[in-house]
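**Student:**
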Ligand SMILES: Cc1cc2nc3c(=O)[nH]c(=O)nc-3n(C[C@H](O)[C@H](O)[C@H](O)COP(=O)(O)OP(=O)(O)OC[C@H]3O[C@@H](n4cnc5c(N)ncnc54)[C@H](O)[C@@H]3O)c2cc1C
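Chains as they are written, first to last, in the numbering used here: chain C, 1 to 152; chain L, 1 to 437.
(1) Below 8 Å on the Cβ atoms is my contact criterion, and I expect residue 141/L with residue 292/L to pass it. Report the Cβ-Cβ distance as a whole number of Å.
(2) Measuring CB to CB, does residue 66/L end up less than 7 Å from residue 114/L?
(3) What are the start and end residues of each continuous beta strand (DSSP E) run of 3 or more residues lying completely inside the region 72 to 106 of chain L, in chain order?
(4) Identify each residue in the region 108 to 123 of chain C for which the Cβ-Cβ distance to at least one residue of chain L is less than 7 Å, and report them in chain order.
(5) Helix, strand or coil: which one does DSSP assign to residue 186/L?
(6) Using DSSP with H/G/I as helix, E/B as strand and the rest coil, what is residue 191/L?
(7) Considering only C-alpha positions, which residue in the set 337/L, 52/L and 92/L is nearest to residue 100/L?
(8) What's the gap between the Cα of residue 124/L and the Cα of residue 316/L?
(9) Does the region 190 to 204 of chain L come into contact with the region 224 to 234 of chain L, if we say contact requires no fewer than three beta-carbon pairs (one atom in each stretch) closer than 8 Å?
(10) Which chain L residues sit within Cβ distance under 8 Å of residue 98/C?
(11) Please list the partners that residue 426/L has in chain C, where partner means a Cβ-to-Cβ separation under 7 Å.
(12) Determine, for residue 90/C, whether the minimum Cβ-Cβ distance to residues of chain L falls below 7 Å.
(13) Less than 7 Å between CB atoms is the rule here; does residue 68/C satisfy it with respect to chain L?
(14) Unbroken beta strand (DSSP E) runs of length 3 or more, entirely within the region 210 to 252 of chain L: which are they?
(15) Examine chain L for any beta-carbon lying closer than 7 Å to the beta-carbon of residue 145/C, and answer yes or no.
(16) Going by DSSP, name the residue or residues bridged to residue 387/L.
(17) Would you identify the three-state DSSP class for residue 136/C, choosing helix, strand or coil?
(18) What did DSSP end up calling residue 165/L once you bin it into helix, strand or coil?
(19) Are the beta-carbon atoms belonging to residue 94/L and residue 77/L less than 7 Å from one another?
(20) Just to confirm my understanding: we take residue 434/L, look at its own chain, exclude 5 residues before and 5 after, and list those with CB closer than 7 Å. What are they?
(21) Who pairs with residue 306/L in a beta bridge, going by DSSP?
(22) Short check: CB of residue 262/L to CB of residue 152/L, under 7 Å?
(23) Compute the distance between the beta-carbons of residue 206/L and residue 188/L, then report whether it is under 7 Å.
(24) Measure the C-alpha to C-alpha separation of residue 138/L and residue 220/L and round it to an integer number of angstroms.
(25) Per DSSP, what are the beta-bridge partners of residue 41/L in this structure?
(26) So which residues of chain L does residue 94/C contact, with C-beta pairs closer than 8 Å?
(27) May I ask you to report which of helix, strand or coil DSSP gives residue 197/L?
(28) Report back the beta-carbon spacing between residue 90/C and residue 140/C to the nearest angstrom; my notes put them in contact at under 8 Å.
(29) Between residue 435/L and ligand 1, is there a pair consisting of the residue's CB and a ligand heavy atom that are separated by less than 6 Å?
(30) Counting only beta-carbon separations shorter than 7 Å, does residue 83/C have a partner in chain L?
(31) To the nearest angstrom, how far is the alpha carbon of residue 373/L from that of residue 426/L?
(32) Please classify residue 42/C: does DSSP put it in a helix, a strand, or coil?
(33) So, does the CB of residue 346/L fall closer than 7 Å to a CB anywhere in chain C?
(34) Excluding the 5 residues preceding and the 5 following residue 269/L in the sequence, name in chain order all residues of the same chain whose CB lies nearer than 6 Å to its CB.
(35) Please say whether residue 109/L and residue 68/L have beta carbons closer to each other than 7 Å?
(36) Confirm the yes/no value for this check: CB of residue 168/L, any heavy atom of ligand 1, distance under 6 Å.
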């Protein structure tokens, strides 16, 4: 029930957005300075090379069209961030990173408030705030490493 | 709740394949009971589009029966062949194979050429004689060159004046010619009119050749004869060329007599629209293009040479049950890039699963980022996010665009670094290649 855990879509989304919009400036200044989009102050694990064969756990039974769309959009992030956002290069990994930080960063990209950004401001403007927040939550909820014993 | 997911996956594993019957796939669609297939999808082409589609179809719906038909045992990317030509990357780092698709995802990979399509009987004919049946056919055959469209430029001419627009022996030939060229020679690149594979590609290529010349053959010149009056990221390219290569590179657009009408591969001469003859030491002709021939056999291309598709699914407008993605399609304003072929593959994988399962796929969203290197530490990019609006594909208003002009050195350096990281990421995502960092 991965997306369910992302947040309760609806009223609480409103709330959580409020919660994270306010500290954007602060988080951006405080947490996100180094390497443009690296999440500073975090110890990043070894590059992850295993990943799951099945996205299966990501979408709950009866996922809403919005949830399904988020999952579909997230698949395309892999072109730069690796499958499931699990690749750590000069481009940061996304899997299992703090949702609050990623939400703040994505919104800051969109609002041109992210220092040292390059391509992400242009990309973030292609999505609604709700989508960006949901994407942050989606990647945050993925495990850092894929289950080595995945079915395929 | 991560635990829940883990437990579910673990129990999935414990139950074994037969247990799949009760599971739901990624999309929330039922996965059919063990043994039974959720449908047969046959894919032609193991490039950016086809290999991505194979992987994501299996990830989204593991019980699908997916066959990938690709003649080459390993795929060589076009992306970064320009770096190879410029001598800053080895050829071997451009190779990717199909082990992961076969072993990890259970895709049936058949290394043969698809020769023909029997639309009525829903069968793909392979060169080896086998017939493969499909419930849905997905074509991602890339491009074919229009031999003869440019007078004098046919397959024999390409042995002397390479295109290197489909990678492999052609890339090696061009590299050898550049290495053998004497200092002071002129490298001519003949660039095609739109639409063609990789709009910034010719301009990245001359950049990488210029970088090689600068270090090894500094008296050489580069001339681009262009069939159009403008090109992708033009301002950024020209700014970077001035910065790094002074006046080594000259670009001549169509209106200034850049349109090449005739090629003589024996003398390495080209003649323009207004009758000017240019002689090259190394001649690189990027000719007009069309969808790979199998798209024609399937009846999915129109007079333009490219495949018209329904925007939401990339199902052919001409033949039901056949999907086309990647360079072969008419998907403007999305460019013909590997990134785009891959994002289209993901959206279309979802659409095919919905089609087979009789439900509605999510509202599509595609994304593209194309990096180009002007110098090893000088990268630029163009990006776009795309959606369907009134039945047509369009760029999401306010999104996308190119890197800023006059950005500082550290910005360009960062985009060069991201270009290399992008290559590692997309080849990991598509073929499972692992680069060390
Ligand atoms: C010099 C250059 C630089 C580029 N740089 C970039 C870049 O930096 N970033 C980027 O995103 N894109 C780049 N591109 C563009 C990118 O290479 C293409 O857009 C991409 O390859 C398109 O993917 P595709 O799946 O449509 O076709 P392809 O990747 O060409 O794959 C088609 C596959 O189908 C196979 N095939 C064809 N016909 C048949 C058949 N009948 N039966 C079986 N198999 C068949 C072929 O063997 C091939 O492997 C570049 C291109 C060039 C030329």
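Here a beta-carbon is modelled for each residue, glycine too, at the ideal position from N, C-alpha and C. Note that the structure is predicted; figures quoted are calculated from it, not measured.
**Tutor:** Once the coordinates are examined:
(1) Indeed, because the Cβ distance is near 3 Å, the residues count as touching under 8 Å.
(2) It is not a contact, given that the beta carbons lie outside the stated cut-off.
(3) The qualifying runs are 74 to 76 and 95 to 97.
(4) 118, 119, 122 and 123
(5) strand
(6) strand
(7) 52/L
(8) So the two alpha carbons sit approximately 16 Å from each other.
(9) yes
(10) The contacting residues do not exist; residue 98/C stays about 14 Å from chain L at best.
(11) 79, listed in chain order.
(12) yes
(13) yes
(14) 221 to 226 and 249 to 252
(15) no
(16) 394/L
(17) helix
(18) In the three-state reduction of the DSSP assignment, residue 165/L falls in the coil class.
(19) Result yes, Cβ atoms of residue 94/L and residue 77/L sit closer than 7 Å.
(20) Within the same chain, residue 434/L has close Cβ partners 428.
(21) Looking at the DSSP output, residue 306/L shares a beta bridge with no other residue.
(22) yes
(23) no
(24) 45 Å
(25) 66/L and 136/L
(26) Near residue 94/C there are no residues of chain L at all, since even the closest Cβ is about 11 Å away, more than 8 Å.
(27) Residue 197/L: coil per DSSP, three-state reduction.
(28) In fact, because the Cβ distance is near 21 Å, the residues do not count as touching under 8 Å.
(29) no
(30) yes
(31) If I take the Cα positions, the gap works out to 17 Å.
(32) Annotation note: pLDDT 28 at residue 42/C (below 50); position unreliable, coordinate value reported separately. In this structure, residue 42/C counts as coil in the three-state DSSP scheme.
(33) Taking Cβ atoms only, chain C reaches closer than 7 Å to residue 346/L, which makes this a yes.
(34) 277 and 279
(35) yes
(36) Not one heavy atom of ligand 1 is found less than 6 Å from the C-beta of residue 168/L.
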